[in-house]
Amino acid sequence: MTRSDDWSHDVGLDLRGLACPMPVLKTRKALQRLAPGDRLLVEATDPLAAIDIPHFVSQSGDRLVAEATEDGVYRCVIERGVAA
0 MTRSDDWSHD
10 VGLDLRGLAC
20 PMPVLKTRKA
30 LQRLAPGDRL
40 LVEATDPLAA
50 IDIPHFVSQS
60 GDRLVAEATE
70 DGVYRCVIER
80 GVAA
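Sequential numbering of the sequence shown, starting at 0, is according to numbering that gives the first Met the number 0.
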């Protein structure tokens, strides 16, 4: 699965090896530290991350720019939305 070709990012977050719910919780915390428009690259091996993170992003006001799953690693780039 691949969505978009734009993998540019400002900060990377390696969540490989962490189990649910930690990937989405750590993603949320990392996004809170970013300025609007900054991008976060997330890498996770928990299969539920491919469901949980996009769902969280759709509810948070942030934007999922790119996502792909390859060799058991889910990767996505999230652009920070306007702070609430």
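Every residue gets a Cβ at the ideal spot worked out from N, C-alpha and C, and that includes glycine.
Alpha carbon to alpha carbon, what distance is there between G71 and P46? Taking the Cα positions, P46 is about 8 Å away from G71.
May I have the straight-line CA-CA distance separating L12 from A29, to the nearest angstrom? One alpha carbon belongs to L12, the other to A29, and they sit about 8 Å apart.
Short Cβ contact (7 Å threshold) for T26 with V10: No. Outside cutoff.
Might you give, ordered along the chain, the residues of its own chain that have their beta carbon closer than 6 Å to the beta carbon of P53, omitting 5 neighbours on each side? Annotation for P53: L63 place their beta carbon closer than 6 Å to its own, counting only its chain and skipping 5 residues before and after.
Given A65 as reference, the closest of G80, Q58, L39 once Cα atoms are compared: Nearest option by C-alpha distance: L39.
Alpha carbon to alpha carbon, what distance is there between V81 and E69? Answer to the nearest angstrom: the Cα atoms are 30 Å apart.
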